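Asks: When you line the sequence shown up against UniProt numbering, it's residues 1 to 251, in that order.
Below you'll find the structure I mean.
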Amino acid sequence: MKDAEMFWGASQDELKQGYIEGENQYVCLLCGNAVEKGIVYPKDGVLYEAKRYMRIHIERAHSSVFEYLIDLDKKLTGLTDHQNRLLRLFYQGKNDAEVQEEMGIGSPSTIRNHRFVLKEKERQAKLFLALMELLKDKDEHAPAFIPLHQKARMVDDRYNVTEDEKVTVLKKYFPKGSQDTLKSFPPKEKQRLIILQEITNRFENERKYEEKEINQILGAVYHDHVLLRRYLIEYGFLDRKPDGSQYWLKK
């Protein structure tokens, strides 16, 4: 999952703006969409240079970087449901009295206390990030873990998988290469995660697939395409319309 690697490997500034700048293009960290430098892009009768067009893409496709990040699983953000709601209201520009009234809790001073707790969390996060960066230079034994998909569900120990383990599992279940057929569907959750993640490479970002197309693609991977489709949705790799008529990679 190159998009997940790019997302988790981005700097704080890159994550905040929602895209990274390469030598020849800008790439959206939220969905992997890329725009080439040196090209003028038309949108609603207006022409935009690449960087501005990327910002417009983020606004149109994701509302904002804040909205995208705040919607991630709480095991990824580390926020409680209560803190998540508070941040949403603060982002909307509401003052303490307005937040207190909308949430129906305590008093405006209660909201100020919540702000203090969030600032404390921010300070702790900054120190922890600095410690982890310093640790990289000293910890020679730290394994490389596979990156978490941003829209991952059920984030738990099943994601405790190293890159070496991934290679071993792929060789076992895709003996002829990951673009060939799947030997069997793994019985263990960690192995399933690796296999399902690899299968997503057969789909294109921002493309909507009809049910027939999805079945054909997955049928070329494994005889039980219904099983694969169900698990891809369950693990948060694919999303679909309520009637199952269209599917797409979940970003």
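We treat Cβ as the ideally placed atom computed from N, Cα and C, and that holds for glycine.
None of these values were measured; they are calculated from a predicted model.
#1: Helix, strand or coil for Ala-220? Go by DSSP, reduced to three states.
#2: How long is the line joining the alpha carbons of Leu-227 and Lys-188, rounded to whole angstroms?
#3: Can you pull the DSSP bridge partners for Glu-21?
#4: Please name the residue, chosen from Asp-224, Leu-218, Tyr-222, that lies closest to Leu-238 on a Cα-to-Cα basis.
#5: Per DSSP, what are the beta-bridge partners of Phe-145 in this structure?
#6: Just list the alpha helix (DSSP H) runs in the UniProt domain "DUF2087" (182–249), keeping only unbroken ones of 4 residues or longer that don't cross its boundaries, in chain order.
#7: Ile-146 and Lys-166 look like a contact to me (Cβ under 8 Å); what is the Cβ gap, rounded to whole Å?
#8: According to the Cβ coordinates, are Cys-31 and Asn-160 closer than 8 Å?
#9: Evaluate Val-27 with the Cβ neighbour count: other Cβ atoms within 10 Å of its Cβ, from every protein chain shown; 16 or more gives buried, anything less gives exposed.
#10: Tell me which same chain residues have a C-beta within less than 6 Å of the C-beta of Ala-152, skipping the five on either side of it?
#11: From this set, Ile-214, Ala-220, Gln-150, Phe-203, which residue's C-alpha is nearest Ser-184's C-alpha?
#12: In terms of residues, what are the limits of the beta strand (DSSP E) holding Pro-42?
#13: Buried or exposed for Asp-3, going by 16 or more other Cβ atoms inside 10 Å?
#14: Just the Cα atoms here: how many angstroms apart are Lys-251 and Tyr-209?
#15: Would DSSP call Ala-10 helix, strand or coil?
#16: So, with DSSP's three-state summary, where would you put Val-167?
#17: Whole angstroms is fine: what's the gap from Gly-93's alpha carbon to Leu-118's?
#18: Nearest-angstrom Cα distance between Val-65 and Lys-16?
#19: Would you mind reading off the limits of the alpha helix (DSSP H) that contains Val-155?
Replies: According to the structure data:
#1: DSSP places Ala-220 in the coil class of the three-state scheme, outside both helix and strand.
#2: Here the alpha carbons of Lys-188 and Leu-227 stand approximately 15 Å from one another.
#3: Bridge partners of Glu-21: Tyr-26.
#4: The candidate whose alpha carbon is nearest that of Leu-238 is Leu-218.
#5: DSSP, once it has assigned bridges, lists Thr-162 as partnering Phe-145.
#6: As far as the UniProt domain "DUF2087" (182–249) is concerned, its whole alpha helix (DSSP H) runs of at least 4 residues are 189–199, 211–219, 225–234.
#7: Cβ atoms of Ile-146 and Lys-166 come within 8 Å of each other, at about 5 Å.
#8: No.
#9: Buried, because 16 or more other Cβ atoms sit within 10 Å of the Cβ of Val-27.
#10: Closer than 6 Å at the Cβ level, and outside the excluded window around Ala-152, lie Gly-236.
#11: Per the Cα distances, Ala-220.
#12: Counting along the chain, the beta strand (DSSP E) containing Pro-42 begins and ends at 41–43.
#13: Buried, because 16 or more other Cβ atoms sit within 10 Å of the Cβ of Asp-3.
#14: Whole-angstrom Cα-Cα distance: 15 Å.
#15: Three-state result, Ala-10: coil.
#16: Note: Val-167 maps to helix in three-state DSSP.
#17: When only Cα atoms are considered, Gly-93 and Leu-118 end up about 16 Å apart.
#18: Approximately 7 Å between the Cα atoms of the pair.
#19: Careful: Val-155 lies outside any alpha helix (DSSP H) and carries neither H nor E.
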